[in-house]
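Protein chains: 2
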Amino acid sequence: MKKLKRSARLVEMTQYLLSRPHTLISLTAFADRYQSAKSSISEDLAIIKEVFEEEGIGELNTLAGAAGGVKFAPKMHASDALDIMNNICRQLEQPERVLPGGYLYMTDMLGQPELLADIGRMFATAFAARKIDVIMTVETKGIPLAYATAACLNLPVVIVRRDNKVTEGSAVSINYVSGSNKRIQTMSLARRALKEQSRVLIIDDFMKAGGTIQGMMDLLFEFKATVAGVGVFVESGEVELEERLLEDYVSLAKLTAVDLKTKQTTVIPGNYFRTE
Amino acid sequence: MKKLKRSARLVEMTQYLLSRPHTLISLTAFADRYQSAKSSISEDLAIIKEVFEEEGIGELNTLAGAAGGVKFAPKMHASDALDIMNNICRQLEQPERVLPGGYLYMTDMLGQPELLADIGRMFATAFAARKIDVIMTVETKGIPLAYATAACLNLPVVIVRRDNKVTEGSAVSINYVSGSNKRIQTMSLARRALKEQSRVLIIDDFMKAGGTIQGMMDLLFEFKATVAGVGVFVESGEVELEERLLEDYVSLAKLTAVDLKTKQTTVIPGNYFRTE
Numbered sequence: 001m002k003k004l005k006r007s008a009r010l011v012e013m014t015q016y017l018l019s020r021p022h023t024l025i026s027l028t029a030f031a032d033r034y035q036s037a038k039s040s041i042s043e044d045l046a047i048i049k050e051v052f053e054e055e056g057i058g059e060l061n062t063l064a065g066a067a068g069g070v071k072f073a074p075k076m077h078a079s080d081a082l083d084i085m086n087n088i089c090r091q092l093e094q095p096e097r098v099l100p101g102g103y104l105y106m107t108d109m110l111g112q113p114e115l116l117a118d119i120g121r122m123f124a125t126a127f128a129a130r131k132i133d134v135i136m137t138v139e140t141k142g143i144p145l146a147y148a149t150a151a152c153l154n155l156p157v158v159i160v161r162r163d164n165k166v167t168e169g170s171a172v173s174i175n176y177v178s179g180s181n182k183r184i185q186t187m188s189l190a191r192r193a194l195k196e197q198s199r200v201l202i203i204d205d206f207m208k209a210g211g212t213i214q215g216m217m218d219l220l221f222e223f224k225a226t227v228a229g230v231g232v233f234v235e236s237g238e239v240e241l242e243e244r245l246l247e248d249y250v251s252l253a254k255l256t257a258v259d260l261k262t263k264q265t266t267v268i269p270g271n272y273f274r275t276e
Numbered sequence: 001m002k003k004l005k006r007s008a009r010l011v012e013m014t015q016y017l018l019s020r021p022h023t024l025i026s027l028t029a030f031a032d033r034y035q036s037a038k039s040s041i042s043e044d045l046a047i048i049k050e051v052f053e054e055e056g057i058g059e060l061n062t063l064a065g066a067a068g069g070v071k072f073a074p075k076m077h078a079s080d081a082l083d084i085m086n087n088i089c090r091q092l093e094q095p096e097r098v099l100p101g102g103y104l105y106m107t108d109m110l111g112q113p114e115l116l117a118d119i120g121r122m123f124a125t126a127f128a129a130r131k132i133d134v135i136m137t138v139e140t141k142g143i144p145l146a147y148a149t150a151a152c153l154n155l156p157v158v159i160v161r162r163d164n165k166v167t168e169g170s171a172v173s174i175n176y177v178s179g180s181n182k183r184i185q186t187m188s189l190a191r192r193a194l195k196e197q198s199r200v201l202i203i204d205d206f207m208k209a210g211g212t213i214q215g216m217m218d219l220l221f222e223f224k225a226t227v228a229g230v231g232v233f234v235e236s237g238e239v240e241l242e243e244r245l246l247e248d249y250v251s252l253a254k255l256t257a258v259d260l261k262t263k264q265t266t267v268i269p270g271n272y273f274r275t276e
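Going down the list, the protein sequences come from chains A and B.
Okay, so the first sequence: first residue is 1 according to the UniProt record's numbering, each after it adds one.
Okay, so the second sequence: first residue is 1 according to the UniProt record's numbering, each after it adds one.
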């Protein structure tokens, strides 16, 4: 790269950091890249850090020492997240979203890149401090949420299939009981998709009693992997407490009431926003 | 937002533009946001434009006039794309990827956020000039590619299902014949997922004869929608010319030979890199 002026270097460093979240970049690498003294690089990083943190873009964490450098962690301010989630809740409450069985149509919302980027940053904020090797979801609607989160945390995604495709090679299958409708279903994961001992963040779009997520946990057990966290976009509050299979999870929104006759629903921000 | 110094403003503007691709932002909006004169904003944009274009991050296009402003279009230089794709081809040639039936295991690669971001920028470069309303793919492996492209082009994604889920509402289903193995299969799309007359970019992970993509095209016909383009990550060259259902598509890589005994494969850059 040719030597850049200060202003151009700031632009380049900003995009370089934004496109490499949760990646340690040494001061030496920056100094070489921009043919600049480490002291100048440090000054630039201080400016970038201040803007990122003030504007709620994320944190720029400095690790001192020989193996040190900077690492960008995408985050979202709680107040920004709440504004966005209140807006999402209003959209989820639109009466035409109520489907037979009390399900909520939200596939269109999960197709919006900007909304997904926001949700990814919320989950990245919630799980930034956990040690995670991989993000897992089950097809189909959880997939964009898992990738949006993975992009912020710089982690690979594995997708659990509801069938066993030839293009996946040998796979482990389990049966699970969906907690809400009591049907027995199958899910499977390619043997080579997940290393043993992996620490796994489970992301899904909707949780009622938690049967599907419990199924993923059972599958993880078969891989000798452990659950590092569970994040769901919307949880249903219409579950009896004794039916709930799961206690420790992060929800961004909560569906508290569905009236199938009037198609009126109430959606409120989830436990992500609970302040104790 | 509080008034920022020049250097901080450059950092903020850079991240603001990067997170809003293909979105027109007026000079007035920037001037208000940063409480700065339009002339200063224009100078900043000129610096950002130069860095973005020199480093192959994308184009910053200025639209003059009252309704004018700037729009960031993520792109990738052809030489960078070829370097990345050559590296991807080497990975795809690993013998352990060959599965029974001559399929190639690439699910792990489609789980890597950085690789997906690169592929998204390649497709965004290929299709930047087309008029597109929505990106379509079929579950499951095409999904991350569709979202990566959508993030660069700021377009919504619709996912064609291989079944008809209760959570989707009323849907249109079609039968199609997979060109390579001649099996009849079903795909369906929720009625409300796609507006009539939409211009649709189809993205998928793998194309052999093109039966699955032809199926999506037939489905689009049912929605009175039109095909704005077809992009596939890997095409198989092991198809007789008369079997090929599709002529007009962009492929990033081409699988030219699979030897099931020795598990040797050859993967070369696709027609995206063809220079005429």
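Beta carbons are placed, not taken as given, at the ideal position from N, Cα and C, and that holds for glycine.
Could you compute how far the alpha carbon of T256 of chain A sits from the alpha carbon of R244 of chain A?
Taking the first residue of the first sequence as position 1, residue 256 of chain A is located at position 256. Taking the first residue of the first sequence as position 1, residue 244 of chain A is located at position 244. Near 15 Å, if we compare the C-alpha coordinates of R244 of chain A and T256 of chain A.
Rounded C-alpha distance that separates R183 of chain A from D163 of chain A
Here the question's residue 183 of chain A lines up with position 183 in the first sequence. Here the question's residue 163 of chain A lines up with position 163 in the first sequence. Roughly 16 Å separates the two Cα atoms.
Would the beta-carbon of I132 of chain A fall within 8 Å of that of L27 of chain A?
For the purposes of this step, residue 132 of chain A is taken as residue 132 along the first sequence, with counting starting at 1. For the purposes of this step, residue 27 of chain A is taken as residue 27 along the first sequence, with counting starting at 1. No. Outside cutoff.
Please list, in chain order, the chain B residues whose beta carbon lies closer than 8 Å to that of E50 of chain A.
Start at 1 with the first residue of the first sequence, and residue 50 of chain A comes out as number 50. Annotation: Cβ neighbours of E50 of chain A in chain B (cutoff 8 Å, chain order): A8.
What would DSSP say about K223 of chain A, mapped onto helix, strand or coil?
Position 223 of the first sequence, counting from 1, holds the residue named residue 223 of chain A. The amino acid at residue 223 of chain A is misidentified as Lys; the sequence shows Phe. Reduced to three states, the DSSP call for F223 of chain A is coil.
Enumerate, from N- to C-terminal direction, the unbroken alpha helix (DSSP H) stretches of 4 or more residues contained entirely within the UniProt domain "Bacterial purine repressor N-terminal" (5-74) of chain A.
6-18, 27-34, 38-54, all fully within the UniProt domain "Bacterial purine repressor N-terminal" (5-74) of chain A.
May I ask you to list the residues that DSSP assigns as paired with P269 of chain B?
Your numbering for residue 269 of chain B matches position 269 in the second sequence. B:A253, per the DSSP bridge assignment.
How big is the Cα-Cα spacing for A190 of chain B and T275 of chain A?
Taking the first residue of the second sequence as position 1, residue 190 of chain B is located at position 190. Taking the first residue of the first sequence as position 1, residue 275 of chain A is located at position 275. When rounded, the distance between both Cα atoms is 38 Å.
With a threshold of 6 Å on Cβ separation, who are the neighbours of F206 of chain B within its own chain once the five nearest residues in sequence on each side are excluded?
Walking along the second sequence from the start, residue 206 of chain B turns up at place 206. The residues are V234.
Measure from the alpha carbon of A209 of chain B to the alpha carbon of each residue in B:L82, B:S236, B:T149, B:V250, then state which is nearest.
As a working mapping, residue 209 of chain B is identified with position 209 in the second sequence. Cα-wise, what sits closest to A209 of chain B is B:S236.
For R90 of chain A, the three-state DSSP class (helix, strand or coil):
Reading the first sequence from its first residue, position 90 is the one you call residue 90 of chain A. When DSSP states are grouped into helix, strand and coil, R90 of chain A belongs to the helix group.
Residues of the region 79-97 of chain A whose Cβ lies closer than 7 Å to any Cβ of chain B, in chain order:
Of all residues in the region 79-97 of chain A, none has a Cβ within less than 7 Å of some Cβ in chain B.
Endpoints, beta strand (DSSP E) assigned at R199 of chain B
Here the question's residue 199 of chain B lines up with position 199 in the second sequence. Counting along the chain, the beta strand (DSSP E) containing R199 of chain B begins and ends at 199-207.
How would you list, in chain order, the residues of chain A whose beta-carbon sits under 9 Å from the beta-carbon of A193 of chain B?
For this step, residue 193 of chain B is matched to residue 193 along the second sequence. Chain A residues near A193 of chain B: T107, D108, G111.
What residue range does the alpha helix (DSSP H) around I119 of chain B cover?
Residue mapping note: residue 119 of chain B aligns to position 119 of the second sequence, counting from 1. Under the DSSP assignment, I119 of chain B falls in the alpha helix (DSSP H) whose first and last residues are 113-127.
Could you check whether the Cβ of R161 of chain B sits closer than 8 Å to any Cβ belonging to chain A?
Within the second sequence, numbered from 1, the residue matching residue 161 of chain B stands at position 161. At least one chain A Cβ lies under 8 Å of R161 of chain B.
Taking the alpha helix (DSSP H) that I132 of chain B falls in, what are its first and last residues?
Here residue 132 of chain B refers to the residue found at position 132 when the second sequence is read from its first residue. Unbroken run through I132 of chain B: none, as it is neither H nor E.
Would you kindly check if the distance between the Cβ of E222 of chain A and the Cβ of V172 of chain A is under 8 Å?
Locating residue 172 of chain A in the first sequence gives position 172, counting from the first residue. Locating residue 222 of chain A in the first sequence gives position 222, counting from the first residue. Yes, they are a contact pair.
Could you name the residues of chain A that Y147 of chain B contacts, counting a contact when the two beta carbons are closer than 9 Å?
Translated into positions along the second sequence, residue 147 of chain B becomes position 147. In chain order: G111, P113, L116, I143, P144, Y147, A148.
Helix, strand or coil at L99 of chain A according to DSSP, with G and I counted as helix
As a position in the first sequence, residue 99 of chain A is number 99, starting the count at 1. The answer is strand: DSSP assigns L99 of chain A an E or B state.
Just grab the DSSP bridge partners of N175 of chain A for me.
Within the first sequence, the letter at position 175 stands for residue 175 of chain A. DSSP links N175 of chain A through a beta bridge to A:T186.
Extent of the continuous alpha helix (DSSP H) to which A193 of chain A belongs:
For this step, residue 193 of chain A is matched to residue 193 along the first sequence. First-last for A193 of chain A: undefined, no H or E at that position.
For E139 of chain A, would you say it is in contact with chain B, using Cβ-to-Cβ distances shorter than 8 Å as the test?
Counting from one through the first sequence, the residue named residue 139 of chain A turns up at place 139. Contacts with chain B at 8 Å (Cβ-Cβ) include E139 of chain A.
Kindly indicate if chain B contains any beta-carbon less than 8 Å away from that of V267 of chain A.
Against the first sequence, residue 267 of chain A aligns to sequence position 267. Not closer than 8 Å to any Cβ of chain B, the Cβ of V267 of chain A fails to qualify, so no.
Does the distance from the C-beta atom of A253 of chain B to that of V230 of chain B stay below 8 Å?
Walking along the second sequence from the start, residue 253 of chain B turns up at place 253. Walking along the second sequence from the start, residue 230 of chain B turns up at place 230. The answer is no: Cβ separation not under 8 Å.
In the structure shown, what three-state DSSP assignment does E235 of chain B receive?
As a first step, residue 235 of chain B must be located in the second sequence, where it is residue number 235. The answer is strand: DSSP assigns E235 of chain B an E or B state.
Helix, strand or coil for G229 of chain A, going by three-state DSSP, please let me know.
Translated into the one-based positions of the first sequence, residue 229 of chain A becomes position 229. Strand.
I want to know whether the region 88-96 of chain B touches the region 127-142 of chain A - three or more CB-CB distances under 8 Å.
Fewer than three pairs of CB atoms, one per stretch, sit closer than 8 Å, so the region 88-96 of chain B makes no contact with the region 127-142 of chain A.
Where does S170 of chain A land, buried or exposed, given buried means 16+ other C-beta within 10 angstroms?
As a working mapping, residue 170 of chain A is identified with position 170 in the first sequence. Around the beta-carbon of S170 of chain A, fewer than 16 other beta-carbon atoms lie within 10 Å, marking it exposed.
Could you name the residues that DSSP lists as bridge partners for L110 of chain A?
The residue you call residue 110 of chain A lines up with position 110 of the first sequence. Paired residues: none, contrary to the question.
Can you grab the Cα-Cα spacing for the pair L115 of chain B / A124 of chain A, in whole Å?
Looking up residue 115 of chain B in the second sequence gives position 115. Looking up residue 124 of chain A in the first sequence gives position 124. Each residue's Cα considered, the two are about 19 Å apart.
Within 8 Å of any Cβ in chain A, is that where the Cβ of N61 of chain B sits?
Here residue 61 of chain B is taken as the residue at index 61 of the second sequence, counted from 1. N61 of chain B does not count as touching chain A.
Using a C-beta to C-beta distance shorter than 7 Å, which residues of chain B count as neighbours of P156 of chain A?
Residue numbering aside, residue 156 of chain A sits at position 156 when the first sequence is read from its first letter. What P156 of chain A touches in chain B: G111, Q112.
Go ahead and label A146 of chain B buried or exposed: buried means 16 or more other beta carbons lie within 10 angstroms of its beta carbon, across all protein chains shown.
The residue given as residue 146 of chain B occupies position 146 in the second sequence. A146 of chain B is buried by the Cβ-count criterion.
Do you know offhand how far A225 of chain A's Cα is from Y105 of chain B's?
Translated into the one-based positions of the first sequence, residue 225 of chain A becomes position 225. Translated into the one-based positions of the second sequence, residue 105 of chain B becomes position 105. Straight-line Cα distance between these residues: approximately 22 Å.
From the DSSP output, in three-state form, read off L104 of chain A for me.
Within the first sequence, numbered from 1, the residue matching residue 104 of chain A stands at position 104. The answer is strand: DSSP assigns L104 of chain A an E or B state.
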